[in-house]
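Numbering (UniProt numbering), first residue to last: 1 to 418.
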């Protein structure tokens, strides 16, 4: 048990370890994305998944729709309606993504298999492997922090009404169908239990689903950073290789070593041959990573588009509902939007670093063939690798700020007109 828990730590940050960690957590949600794991998902997880899904749908979907479109319209209460609407919108994103991943489980298994195939090309102990592992450590740290923050937010959200003097629920104004009056026993106890199950289910789902994408997009980012280092050192590596080869030849006292013209010709050939070999390897790895990112984009285009729409609309609802009522919902929403934008920005930054490394690889020393290869690589690297919100917009820090600015503008406009 202790050894299994230790594998979730930063000491185990290679791709197979990280995917195993994420797969273990997703299996609790009855989703298996790792084709290497043939063990059937435990029946207890399937039962819990059914119970929690029914609870979530009843509390936040059925009751939410009834509360907004029947109860609040009848009473004319706008604030409670906005709070309920924001809860429905922001919580639905994780559930939609989870159902989508379960339905298209085979696609995600194929995606993971391709990532594993890419990782299998890495030579253990090489500089590339060390740089890759170093970058992946930061990726795993990113995932751990995100997972802890999301689940801690769930704990605080549930505990807040318990530590507040008096009898309270997470949202005092929200009514669950069949539990009126909400503050009379046993309705109150049932409401607390149902809300608690729904909150932990959604936060646990968001944390695990998003950690999965943090890991796989982070691996592509790490590959690009490691490839950038390889490009930076490619000419120095060729010279080091040549010097090592000459030392080995000198041990045999080769007669060719005394011929300066031959040495010069041989040096140029050896250096460029070594450079060509490594350039081809790098360009193949780069193409592989580009195709993997495109596959992520293709597979998640629909859920990402719907997810961002729901989150942005939910964010407006949280502001209209009053920050005093939605102060703990806001971090939940912003963390989802912000994380996706952060991942998109990191991919772009890694691509830019690779592009700069291609130009700074001392290509002026190469022969014409290698110069042409570098030119092709430079042209390819200038097609920036990006993540998008379902094809609607490129995810980046600037897009995150645009969302905040636009959301606040919509909020102020609606607030002044309501």
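Glycine included, every Cβ here is placed at the ideal spot set by N, Cα and C.
Everything numeric in this text was worked out from a predicted model, so none of it was measured.
{"Query": "Going straight from the alpha carbon of residue 73 to that of residue 79, what length do you get?", "Result": "11 Å"}
{"Query": "Quick one: is residue 75 buried, meaning 16 or more other Cβ sit within 10 Å of its Cβ, or exposed?", "Result": "exposed"}
{"Query": "Just to confirm, is the Cβ distance from residue 303 to residue 96 under 7 Å?", "Result": "yes"}
{"Query": "For residue 157, count neighbouring Cβ atoms within 10 angstroms of its own Cβ and tell me buried if that reaches 16, exposed if not.", "Result": "buried"}
{"Query": "For residue 193, is the classification buried or exposed, using 16 other Cβ atoms within 10 angstroms of its Cβ as the cut-off for buried?", "Result": "exposed"}
{"Query": "Taking the continuous alpha helix (DSSP H) assigned at residue 11, which residues delimit it?", "Result": "Where residue 11 is concerned, there is no enclosing alpha helix (DSSP H), given that its DSSP letter is neither H nor E."}
{"Query": "Given a cut-off of 7 Å on the beta-carbon distance, is the pair residue 30 and residue 41 in contact?", "Result": "yes"}
{"Query": "Start and end of the alpha helix (DSSP H) containing residue 383?", "Result": "It is not in any alpha helix (DSSP H) - residue 383 carries neither H nor E in the DSSP assignment."}
{"Query": "Give me whichever residues DSSP pairs with residue 394 in a beta bridge.", "Result": "388"}
{"Query": "Taking the alpha carbon of residue 343 as the point to measure from, which residue in 315, 358, 313 and 400 has its own alpha carbon closest?", "Result": "400"}
{"Query": "Do residue 279 and residue 238 count as a contact pair if the criterion is CB distance below 7 Å?", "Result": "no"}
{"Query": "Taking the continuous alpha helix (DSSP H) assigned at residue 167, which residues delimit it?", "Result": "That residue, residue 167, is in no alpha helix (DSSP H); it is neither H nor E in DSSP."}
{"Query": "Quick one: grab the DSSP three-state call for residue 260.", "Result": "Confidence is the limiting factor: at residue 260 the pLDDT is only 49, short of 50, which leaves the residue's position unreliable, though a coordinate-based value still follows. Here residue 260 sits in helix by DSSP."}
{"Query": "Looking at the structure shown, is residue 155 part of a helix, part of a strand, or coil, going by DSSP?", "Result": "helix"}
{"Query": "When we look at the beta-carbon of residue 3 and count the other beta-carbons within 10 Å, is it buried (16 or more) or exposed?", "Result": "exposed"}
{"Query": "Out of 316, 19 and 232, point me to the one whose CA is closest to residue 131's CA.", "Result": "232"}
{"Query": "Which term fits residue 69, buried or exposed, when burial requires 16 or more other beta carbons within 10 angstroms of its beta carbon?", "Result": "exposed"}
{"Query": "Are residue 433 and residue 207 touching if we call contact CB-CB under 7 Å?", "Result": "This structure gives no information on residue 433, because the portion of the chain shown stretches from 1 to 418."}
{"Query": "Excluding the five sequence neighbours on either side, which residues of its own chain have a C-beta within less than 7 Å of the C-beta of residue 88, listed in chain order?", "Result": "60, 61 and 64"}
{"Query": "Are residue 311 and residue 347 touching if we call contact CB-CB under 7 Å?", "Result": "no"}
{"Query": "Of the choices 225, 211 and 170, whose alpha-carbon is the least far from that of residue 425?", "Result": "What is shown of the chain runs 1 to 418, which leaves residue 425 out entirely."}
{"Query": "On a CA-only basis, which of 172, 114, 356 and 214 is nearest residue 379? Give me that one, please.", "Result": "356"}
{"Query": "For residue 360, which of helix, strand or coil comes out of DSSP?", "Result": "coil"}
{"Query": "First and last residue of the alpha helix (DSSP H) that includes residue 219?", "Result": "187-232"}
{"Query": "When the Cβ atoms of the segment 353-369 are set against those of the segment 326-343, are three or more pairs found closer than 8 Å?", "Result": "no"}
{"Query": "Can you tell me the Cα-Cα spacing of residue 202 and residue 135, whole angstroms?", "Result": "30 Å"}
{"Query": "From what residue to what residue does the alpha helix (DSSP H) around residue 85 run?", "Result": "78-103"}
{"Query": "Which of the three DSSP states, helix, strand or coil, is assigned to residue 246?", "Result": "helix"}
{"Query": "I need the straight-line Cα distance from residue 288 to residue 354, nearest angstrom please.", "Result": "15 Å"}
{"Query": "Rounded to a whole number of angstroms, what is the C-alpha to C-alpha distance between residue 26 and residue 205?", "Result": "8 Å"}
{"Query": "Given residue 123, which residues of its chain have a CB within under 8 Å of its CB, disregarding the five upstream and five downstream residues?", "Result": "129"}
{"Query": "In chain order, what residues of the same chain lie with their CB nearer than 8 Å to the CB of residue 185, ignoring the 5 residues before and after it?", "Result": "none"}
{"Query": "The alpha helix (DSSP H) that contains residue 55, what's its start and end?", "Result": "43-56"}
{"Query": "How would you write the range of the alpha helix (DSSP H) that residue 120 sits in, first residue to last?", "Result": "No alpha helix (DSSP H) holds residue 120; DSSP gives it neither H nor E."}
{"Query": "Could you tell me which of 277, 197, 390 and 222 sits nearest to residue 91, measuring between CA atoms?", "Result": "197"}
{"Query": "Does residue 28 come out as helix, strand or coil in the three-state DSSP assignment?", "Result": "coil"}
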